[in-house]
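Positions in the sequence shown are counted from 1; adding 88 to them yields the working numbering.
From the three backbone atoms N, C-alpha and C, an ideal C-beta is built for every residue, glycine too.
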Amino acid sequence: MTSSPPSTVGARDAYAAAAILGCSVDLIGHCAGCRVYVHRYGRGGAPLCPSCQLQLEELRGAGRAGAPKG
Ligand SMILES: [Zn+2]
């Protein structure tokens, strides 16, 4: 729980990001939140980078009082 996944913030392209994340370049995509490279597709992929996932979880945890609902 204390270990954080590698960040691709400094990655110059999808190939560099794939090398950092240890997955195929075919599985690399952009984070839906901040547009950094993430392991987005395939097994173990996620549309958000670890940083944005954390923010989303915090928002969910804090948003129960006033979630916008139309
Ligand atoms: Zn992000």
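- A residue is called buried once 16 or more other Cβ atoms fall within 10 Å of its Cβ, and Y125 is buried on that count.
- Y125 has H118 as its beta-bridge partners, per DSSP.
- Within the same chain, S112, V113 and I116 come within 7 Å of A106 by CB-CB distance, once the 5 residues on both sides are set aside.
- In this structure, the beta-carbon distance from L142 to G121 does not fall below 7 Å.
- Taking all protein chains in view, the Cβ of L147 is surrounded by fewer than 16 other Cβ atoms within 10 Å, so the residue is classified as exposed.
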